[in-house]
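Step one of this worksheet: look at the structure below.
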Amino acid sequence: MTNKNSTFCTHNDDSRNRDMKIGIIGLGNMGSGMAATLASKQEKVFGYDLSEKALEAIKPKGVTPVADLAELVAHCDVIILSLPKAEHVKQICLGNNGIASFAKSGLILIDTTTSEAETSREVAKQLALSGIEFIDAPVSGGPAGAASGTMSMVIGGDKETIDNVMPILQKISSVQVHIGDVGAGNIAKIANNLLCAAHLITNAEVISLANKAGVDPAKVLEGINAGSGRSGVSQVNFPKWILNNAYDSGFTMGLMRKDVGLGEKLADSLDLAMPLTRQVIEMWRDQSNLSDTDDFNEIVKESDSHLY
Ligand code: NAD
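No gaps in the numbering here: position 127 of the sequence shown is 1134 in our numbering, and each next residue is one more.
As structure tokens, this is what we get:
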């Protein structure tokens, strides 16, 4: 399907992608939303998940569930991965009866998992031996962004491959940033999530501080969002999920703990001290009151405040 000599390189013309059949592996909080978004835009979409419940739930959204990986690969030109961790990506791609074993030349994989650069590079290299292309395209925006096609993506991979699937990327996301070669998207995503992890804790502390000094939390937040201290956390997380006590973002403590762990692994591999960031990582890891299934915003409850 991909043609290395092709001059196709547009972000708006989706004629080349009109007939592409798309598969999604991992129909959880994010993958189910992406699949439904594509199906709502008249794409032929197939879905695969280990969970029977997830396969059943996707049917009313216009997505065709398939029973196994072999069937999915046979049907599809492009496959989007939305799996929990790097190890799942590696197993689906290179494991026994994984995607590599079907050797479907021309297939393109878009991995939206928050994964590891090393895994992405290894998987891309092995798949290339069978003519399969791979890009890492981790996402931000949560389940609401996936369900509305408004996520943002940081992408690592070959420019021509990215251009070939750009019409698909644009249906599931509103912002696409090409960071660099395969793995670069994963590194950018880890950097982003380390900041998000830190901002949740620092915002919780300063909003509590202001509250104890006699200021209404909603008002101090309004002030922060009008000033230089604002961030995605102050603009989205606090009003949408924290100050209203909702804690229903669809992103779990377990997945954020995984992401800060990836940040720590990367810092270790580069021999970087990062003293403040490591303190943040410890706080995420050691919160005994919070389980992996809790909403990740609940980290604010561990600050020294009775506000949350
Ligand atoms: P999730 O746990 O809700 O969904 C993962 C799905 O993958 C599950 O349905 C599971 O059954 C399926 N799965 C696991 N192993 C499989 C396998 N071998 N074959 C087929 N299916 C398999 O997770 P999520 O919240 O959708 O997150 C997916 C990825 O996106 C993670 O890497 C996460 O860090 C990242 N992410 C999540 C959010 C969010 O807000 N939830 C936001 C940005 C990025």
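Just so you know, even glycine gets a beta-carbon here, dropped at the ideal spot from N, CA and C.
At which residues does the beta strand (DSSP E) containing M1160 begin and terminate?
Within the sequence shown, numbered from 1, the residue matching residue 1160 stands at position 153. Here the beta strand (DSSP E) through M1160 covers M1158 to G1163.
Cα-Cα separation between P1067 and G1152, rounded to whole angstroms
Residue mapping note: residue 1067 aligns to position 60 of the sequence shown, counting from 1. Residue mapping note: residue 1152 aligns to position 145 of the sequence shown, counting from 1. If I take the Cα positions, the gap works out to 19 Å.
Limits of the alpha helix (DSSP H) - the one that I1214 falls within:
Position 207 of the sequence shown, counted from the first residue, corresponds to residue 1214. Start and end: A1191 to K1219.
Please determine whether the Cβ atom of S1295 lies at a distance below 6 Å from any heavy atom of the ligand NAD.
Within the sequence shown, the letter at position 288 stands for residue 1295. Checking every heavy atom of the ligand NAD against the Cβ of S1295, none is found closer than 6 Å.
In its own chain, which residues sit with a C-beta less than 8 Å from the C-beta of T1259, not counting the 5 before and 5 after it?
As a working mapping, residue 1259 is identified with position 252 in the sequence shown. Counting only Cβ-Cβ distances below 8 Å, and skipping sequence neighbours, we find D1299, T1300, D1301, D1302 and F1303.
Along the chain, which unbroken stretches of the alpha helix (DSSP H) at least 4 residues long are found entirely within the region 1087-1162?
1093-1101, 1124-1135 and 1149-1155
Please classify V1184 as buried or exposed, where buried requires at least 16 neighbouring CB atoms within 10 angstroms.
Taking the sequence shown and counting its residues from 1, one reaches residue 1184 at position 177. By the neighbour-count rule (16 or more Cβ atoms within 10 Å), V1184 is not buried but exposed.
Can you find the residues in the same chain that come closer than 6 Å, C-beta to C-beta, to Y1055, ignoring five residues on each side of it along the sequence?
For this step, residue 1055 is matched to residue 48 along the sequence shown. The answer, listed in chain order, is I1032, V1073 and L1079.
Short check: CB of T1126 to CB of L1088, under 7 Å?
Here residue 1126 is taken as the residue at index 119 of the sequence shown, counted from 1. Here residue 1088 is taken as the residue at index 81 of the sequence shown, counted from 1. No, the Cβ-Cβ distance between T1126 and L1088 is not below 7 Å.
Does the beta carbon of N1036 fall short of 6 Å from some heavy atom of the ligand NAD?
Locating residue 1036 in the sequence shown gives position 29, counting from the first residue. Because some heavy atom of the ligand NAD lies under 6 Å away, the Cβ of N1036 counts as near it: yes.
Is it true that the CB of C1100 sits closer than 7 Å to the CB of V1130?
Numbered from its first residue, the sequence shown carries residue 1130 at position 123. Numbered from its first residue, the sequence shown carries residue 1100 at position 93. Cβ distance < 7 Å, so V1130 and C1100 count as in contact.
Short Cβ contact (7 Å threshold) for N1193 with A1124:
Position 186 of the sequence shown, counted from the start, is the residue given in the question as residue 1193. Position 117 of the sequence shown, counted from the start, is the residue given in the question as residue 1124. Yes, these two residues count as a Cβ contact at 7 Å.
Spatial distance of P1145 from I1115 (CA atoms)
Taking the sequence shown and counting its residues from 1, the one referred to as residue 1145 is at position 138. Taking the sequence shown and counting its residues from 1, the one referred to as residue 1115 is at position 108. Approximately 16 Å, taken between the alpha carbons.
State the CB to CB distance for the pair N981 and S1147, rounded to an integer number of angstroms; the pair is presumed to be in contact (CB under 8 Å).
Residue 981 lies beyond the range of the chain shown here (1008 to 1315); nothing can be said about it.
Closest to V1189 by CA distance: which of V1213, L1076, G1163 and V1172 is it?
The residue you call residue 1189 lines up with position 182 of the sequence shown. The shortest C-alpha separation from V1189 is found at G1163.
Under the assumption that L1201 contacts V1267 (Cβ atoms under 8 Å), give the Cβ distance between them as a whole number of angstroms.
What you label residue 1201 is simply residue 194 of the sequence shown in a count that begins at 1. What you label residue 1267 is simply residue 260 of the sequence shown in a count that begins at 1. About 7 Å separates the two Cβ atoms, so the contact holds.
Where T1300 falls: helix, strand or coil (DSSP)
Within the sequence shown, numbered from 1, the residue matching residue 1300 stands at position 293. Residue state, collapsed to three classes: coil.
Mind reading off the beta-carbon distance from S1155 to V1182? Whole number of angstroms is fine, and I expect it under 8 Å.
Counted from its first residue, the sequence shown places residue 1155 at position 148. Counted from its first residue, the sequence shown places residue 1182 at position 175. That pair is no contact at about 13 Å.
Would V1096 pass as a contact of D1075 if the rule is Cβ separation under 7 Å?
Start at 1 with the first residue of the sequence shown, and residue 1096 comes out as number 89. Start at 1 with the first residue of the sequence shown, and residue 1075 comes out as number 68. Contact flag unset, no.
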